[in-house]
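The listed protein sequences correspond, in order, to chains C and X.
If you count the first sequence from 1, position 636 lands on 636 in my numbering, and the numbers rise without skipping.
Start counting at 1 in the second sequence, then tack on 1000, and there's your number in my numbering.
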Amino acid sequence: MTTAFKQNKLLQFGLLLVVFLLLYNFIKPSDDPYLNMLWRLPALIAWLPQWLTDTIKYIMFDWISVEIYNPELEDTEEVSLVKEITRSLSWFVLFFIQSIREFLVGGIKTIVTFTSWDFISDNPWAELPGLPWTVVFGGATLLGYNLGSKKLAALVGISLAYISIFGQWEPTMKTISLVLIAALISVIIGLFLGIFAYRSKAFEVLITPILGVAQTMPAFSYLVPMIVLFGLGDHAGALATVIYATPPMIRLTLLGLKAVPPEVVEAGLMSGCTRFQLMYGVMLPTARQNILIGVNQVIMQCLAMVVIASLIGAQGLGDDLLKALNSLRIGKALELGICIVLIAIVLDKLSLAWANKQTDYFSNLSFSERHRNKFILMTILVGGIILAMIGKLVFGDGINYFFIIDTNKGITTDWFWQAGVDWIITNWYSSLEAFKVWFWEDVLSPIKNAFLGMPVIATFTLVAGIGYIIGGLKSAIIVSAYLLFIALTAWWDRALITAYLTTIAVLVAVTFGGVIGILCAQSTRATKVLLIICDTLQTFPSFIYLIPAIMLFNVSNTAVLIAITPYAMIPAMRYTVEGLRNVSPSLQDAGSMSGVNRMQRLFSIELPLAFPHIVLGINQTVMFALAMVIIGALIGSTADLGELIVGSLSDKDGIGNGLILGLCVAFIGLIIDHLLNTWARARKEALGLA
Amino acid sequence: MSNQPLASKNEPVIKCDSVYKIFGDNTQRLMQENNNSIDVEKFKNEGCIFGVNGASFEVHKGEMLVVMGLSGSGKSTLLRCISRLTDTTAGKIFIDGENLLEMNSKELIELRRNKMGMVFQSFALLPHKTVLENIAFPLQVKGMSTAQSIERAAAMVELVSLGGRENYFPRQLSGGQQQRVGIARSLAVEPDIWFLDEPFSALDPLIRKEMQDEFLRLQGLLNKTILFVTHDFDEALRLADRIAIMKDGVIEQIDTPANIVLNPATEYVAKFTNEVPREKVLKCEDVMEKQDKEAKTSTITVAAEAIIETVAEAVLNESKPVTVVNKKGKTVGVLNRKSIIHVLFGENAH
Chain C
1 MTTAFKQNKL LQFGLLLVVF LLLYNFIKPS DDPYLNMLWR LPALIAWLPQ
51 WLTDTIKYIM FDWISVEIYN PELEDTEEVS LVKEITRSLS WFVLFFIQSI
101 REFLVGGIKT IVTFTSWDFI SDNPWAELPG LPWTVVFGGA TLLGYNLGSK
151 KLAALVGISL AYISIFGQWE PTMKTISLVL IAALISVIIG LFLGIFAYRS
201 KAFEVLITPI LGVAQTMPAF SYLVPMIVLF GLGDHAGALA TVIYATPPMI
251 RLTLLGLKAV PPEVVEAGLM SGCTRFQLMY GVMLPTARQN ILIGVNQVIM
301 QCLAMVVIAS LIGAQGLGDD LLKALNSLRI GKALELGICI VLIAIVLDKL
351 SLAWANKQTD YFSNLSFSER HRNKFILMTI LVGGIILAMI GKLVFGDGIN
401 YFFIIDTNKG ITTDWFWQAG VDWIITNWYS SLEAFKVWFW EDVLSPIKNA
451 FLGMPVIATF TLVAGIGYII GGLKSAIIVS AYLLFIALTA WWDRALITAY
501 LTTIAVLVAV TFGGVIGILC AQSTRATKVL LIICDTLQTF PSFIYLIPAI
551 MLFNVSNTAV LIAITPYAMI PAMRYTVEGL RNVSPSLQDA GSMSGVNRMQ
601 RLFSIELPLA FPHIVLGINQ TVMFALAMVI IGALIGSTAD LGELIVGSLS
651 DKDGIGNGLI LGLCVAFIGL IIDHLLNTWA RARKEALGLA
Chain X
1001 MSNQPLASKN EPVIKCDSVY KIFGDNTQRL MQENNNSIDV EKFKNEGCIF
1051 GVNGASFEVH KGEMLVVMGL SGSGKSTLLR CISRLTDTTA GKIFIDGENL
1101 LEMNSKELIE LRRNKMGMVF QSFALLPHKT VLENIAFPLQ VKGMSTAQSI
1151 ERAAAMVELV SLGGRENYFP RQLSGGQQQR VGIARSLAVE PDIWFLDEPF
1201 SALDPLIRKE MQDEFLRLQG LLNKTILFVT HDFDEALRLA DRIAIMKDGV
1251 IEQIDTPANI VLNPATEYVA KFTNEVPREK VLKCEDVMEK QDKEAKTSTI
1301 TVAAEAIIET VAEAVLNESK PVTVVNKKGK TVGVLNRKSI IHVLFGENAH
């Protein structure tokens, strides 16, 4: 009996559910403060946010002050050391962003940095305009051709042409300048920390949980600290982006290095490599597959942060997109979103082609062949400038289409989308409204109340119990610790609301995403198409998903859910399709020879084998939903953690609040992440897939 | 195969003196407790595993020693001790008389850059480099200029007959071709000592045979000192000057192929030799008898170096014993029909 119970997980889960329901029904709020602890824990660490705010401010502004000479005041002034360091870092980052930016769209700050304002006023010629868009377009296309193929050149060319013709040149160039620097910093830091983690086990153990938190913490929550540390502007945006984009690079570098076959390392050693040569000549290049995935992720993460970074002063597409969002212009926002996706794709493909570039040692090229690219580039530059000059004559004082198409003066399809939305609203308003009210009153509200009516002891029992059944005592302790932190803050009820919104979104997303995934997995072509759609949707700034939701359902909880669900569906679809398609062909053949029909194949072969991978997809779905719930607070008064995080953005003392709230969200994510990952790993091992 | 006398008076190129490699977390502690002497039984009881258990042997210049053993026998571990890819627990290893285990990392790097080359079972090519770049890699690591190293690599490509595939990536080559690249890379620095760790085990049987021939051709040209690891007894017989048979970290027998086939030292070794077609291994000199001056001999002669299989028919067709001569044409013995029949059908055949 006992052994049967020990082996039957289903029985264990059943018992856990019974205990949970009993606790749920019998524990009620109590007047006795001790008895009430079963219902809600006292907010023992409610002081933490304020303490954190004070500490950071003290370190920033009062701790160790040094005398620094200020050339503008022509006197020394007292500055806090830490502030001086962070400000220097800001200046350093800003300088590079601005240099690229001024090269692309014009400006004088870089020249001023190397000379002085007086030099500029004395030498007006130094005030160079940016490159004409035709030159950047031609140059990038040439680069694409040289690194890759005609196909890559066409992709780059068409993308840049779209951006220019749709009148988004300047914001795009601003965004590119920021993203290039942020991505570069992320890749370099990620690479070095990854190498360090590979060499030092202690550092790996230390950094792994930090990476987990950094990847699940909503970016909103560290925006205020970024402002305090680095000030408002592009540099703060870039550095916030770096925090968000570096973790996957570290992880994949570490993963790649660990996967280098030992014989390759030995081959390097036997060739007489020094430690340095071994790492840079043998190990990193051999791990390049994973490292390139890391670079790809960095670029995607950077572009995902474009909009959020604009909240703390980053210029470019994100800023414009936020404005379009505020004025509810779906068409404009969509066009801007496409620009972001295009940059992501172009940067990704170019970096990939560059990494795969091959050297030809035997080509015996003539002088003109060797310098062909330089000639073409010069021709493009001169041609572009001449074209811009001709443009000036042709277009007169109007917009010089050959130099730069002013922002929002290009083609636009805004009116089309606007008309569509207007049509929907005029024709469907009442039914949409009815749906909204019904959904809130009959679905959301009851579930929300059910979550809020859950005694804290029941939550702990449930979560720790699942942890115990899946991963033993260690898992139970880990998830309980996460939960305890949240329970001891002043925001337990809000965390429950976040949990309920996430739960519903995940349920809906997994159902729909799973079905779509299963259907598409039946055909190779549909699989390909679906994966491309997933890539595109994922690169779309998550803010865009808010627009249709808010237009159709106003500011409401329904709107938040409608916005979360399609975004959260992406990983559900992707992992389902991947899992099903990756079932080994020999097993498929074995199935065919046993005479299975299509349904039997799906339910008795493909799904069980793909399920561990699908669970990882569900895990990602939870992460996506959680991230979106926080952003969703922008369009709905949900009374959850996200609302407070968004609120902390405009709060002077929001540093501590934002960070601790962010940790709460991260811990919710990490609980789910731990449980699902542990289960999937155990299951994969059991199936011999690991 | 090597023409060098096996027992050279010169200093051995590789010399191992009771080399031990012991795995286990508590090895260090046990060594300390035992005053650095090794008590095999005690260590085993404590959970230690002996990768290499007291290996002592010498390899001389131009000699090819093949280390043969099944998986887990410690043959690759022994190779890694001698190339110092793994740390040796106890014992001494000398390369050209220099104590390998006392070298600092700088000396070790110099040694590997100039004296050692190694070929791996899984080829271990750098996936991001072309054939040419892979071969040039050890040269570039030494600091040779790109142009020079590429030129030298191009010559190596010709040596291993891969001309025309210089700019291929490893993934575009077959297994046999990849191992040719591995061989070329290991030879690029013109090493004195050549380590081969199951170089042909990952290849198909036909390709394996072809690569063995290629390997013998190269060795005929280059005459390196070789330590060759394999789990294939036939391969060992085919290539070796001497074979060391390993089991559970212990070298069971180390001798020439013929002596191993004729006089297996242990039952374990006998298990391998029982199935071996002797006529393909033994040479005339291994089974010849002393010449009886009185007795008449046949008019034909056979070379002492000749494999029995190649002369069996000729000898069997002669009614009188056949004279065996060495390279200088001097008579060293005679070969009877009976000896040939014994080789072909075993001692019990009449």
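Glycine residues also receive a C-beta, built at the ideal position from the N, C-alpha and C atoms.
What three-state label does DSSP hand residue i in the structure shown?
{"i": "C:T110", "result": "helix"}
{"i": "C:W91", "result": "helix"}
{"i": "X:W1194", "result": "strand"}
{"i": "C:Q277", "result": "helix"}
{"i": "X:G1346", "result": "coil"}
{"i": "C:D319", "result": "helix"}
{"i": "X:C1016", "result": "strand"}
{"i": "X:T946", "result": "In the structure as shown, chain X begins at 1001 and stops at 1350. Residue 946 of chain X is therefore absent and cannot be evaluated."}
{"i": "C:S159", "result": "helix"}
{"i": "X:L1335", "result": "strand"}
{"i": "X:I1300", "result": "coil"}
{"i": "X:E1318", "result": "coil"}
{"i": "C:E643", "result": "helix"}
{"i": "C:K409", "result": "coil"}
Taking C-beta to C-beta, are residue i and residue j nearer than 9 Å?
{"i": "C:L546", "j": "C:L325", "result": "yes"}
{"i": "C:T558", "j": "C:W440", "result": "yes"}
{"i": "C:I308", "j": "C:A240", "result": "yes"}
{"i": "X:G1182", "j": "X:F1233", "result": "no"}
{"i": "C:V224", "j": "C:S523", "result": "no"}
{"i": "X:V1334", "j": "X:K1283", "result": "no"}
{"i": "C:K28", "j": "C:P455", "result": "yes"}
{"i": "X:M1031", "j": "X:S1083", "result": "no"}
{"i": "C:G144", "j": "C:L155", "result": "yes"}
Does any C-beta atom of chain C lie closer than 9 Å to the C-beta of residue i?
{"i": "X:N1114", "result": "yes"}
{"i": "X:F1123", "result": "yes"}
{"i": "X:S1145", "result": "no"}
{"i": "X:E1110", "result": "yes"}
{"i": "X:M1118", "result": "yes"}
Quick check: is the beta carbon of residue i nearer than 9 Å to any beta carbon in chain X?
{"i": "C:S351", "result": "no"}
{"i": "C:Q12", "result": "no"}
{"i": "C:V282", "result": "yes"}
{"i": "C:S271", "result": "yes"}
{"i": "C:A259", "result": "no"}
{"i": "C:E263", "result": "yes"}
Could you pull out every residue in the same chain whose Cβ sits closer than 7 Å to the Cβ of residue i, ignoring the five residues on either side in sequence?
{"i": "C:M551", "result": "L328, I330 and V421"}
{"i": "C:V510", "result": "A572, I618 and T621"}
{"i": "X:V1052", "result": "V1019, Y1020, K1021, G1074, T1077, L1078, C1081 and G1249"}
{"i": "X:H1350", "result": "The predicted model places X:H1350 with a pLDDT of 48, which falls under 50 and marks its position as unreliable, so this point remains unresolved."}
{"i": "C:E78", "result": "S65 and E67"}
For residue i, I'd like the list of residues in its chain whose CB is within less than 6 Å of its CB, leaving aside the five on either flank, ordered along the chain.
{"i": "X:L1006", "result": "Reliability fails at X:L1006, whose pLDDT of 45 lies under 50, so the model's placement of it is uncertain and no value is given."}
{"i": "C:I570", "result": "C534, L537 and Q538"}
{"i": "C:W679", "result": "I470"}
{"i": "X:V1040", "result": "none"}
For residue i, write down the residues that DSSP places opposite it in a beta bridge.
{"i": "C:L73", "result": "Paired residues: none, contrary to the question."}
{"i": "X:I1245", "result": "X:M1068 and X:Q1253"}
{"i": "X:M1116", "result": "X:I1193"}
{"i": "X:F1057", "result": "X:C1016"}
{"i": "X:F1023", "result": "X:I1049"}
{"i": "X:L1227", "result": "X:L1065 and X:F1195"}
{"i": "X:T1323", "result": "X:T1301 and X:V1334"}
Leaving aside the five residues before and after residue i along the sequence, list all residues of the same chain whose C-beta is less than 8 Å from its C-beta, in chain order.
{"i": "C:L670", "result": "G212, V213, T216 and Y482"}
{"i": "C:L322", "result": "V307, S310, L311 and F543"}
{"i": "C:A505", "result": "L561, I564, T565, A568, A625, M628 and V629"}
For the ligand ATP, I want to know if residue i counts as a neighbour, meaning its beta carbon is within less than 8 Å of at least one of the ligand's heavy atoms.
{"i": "C:Y198", "result": "In the structure shown, the ligand ATP is absent, as is every other ligand, since no ligand is present at all."}
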